[in-house]
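Enquirer: Under this note's numbering, the first residue of the sequence shown carries the number 5, and numbering increases by one thereafter.
Where a beta carbon is used, it is the ideal one built from N, C-alpha and C, also for glycine.
First the structure, then my questions, so here it is.
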Amino acid sequence: MSAARGGGRASSSAVEEELRALMEKRRAKMMLSNRESARMRKQRHLDDLTAQVAHLHRENVHVATALGLTT
5 MSAARGGGRA SSSAVEEELR ALMEKRRAKM MLSNRESARM RKQRHLDDLT
55 AQVAHLHREN VHVATALGLT T
């Protein structure tokens with residue numbers, strides 16, 4: 005009977021190790037996904053800021069022209 009229990013522990017240990025490996029794999033996949041999401045968020049923010057700069061530049065040119073400040 006103790007041999008069966010010993011075998012059960014070894015099997016349980018193997019299952020626990022497989023579970024740990026699976027959890028680690030999922031954690032790594034989630035980290036990669038989070039990094040990609042953050043990268044995309046940063047790119048969207050940069051694109052928004054670039055568009056805002058272009059808009060403000062056009063507005064500045066328009067105002068300067070209206071005031072006769074361009075040469």
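According to DSSP, is Leu23 helix, strand or coil?
Expert: helix
Enquirer: How long is the line joining the alpha carbons of Ala42 and His66, rounded to whole angstroms?
Expert: 36 Å
Enquirer: Cα separation between Leu50 and His61?
Expert: 16 Å
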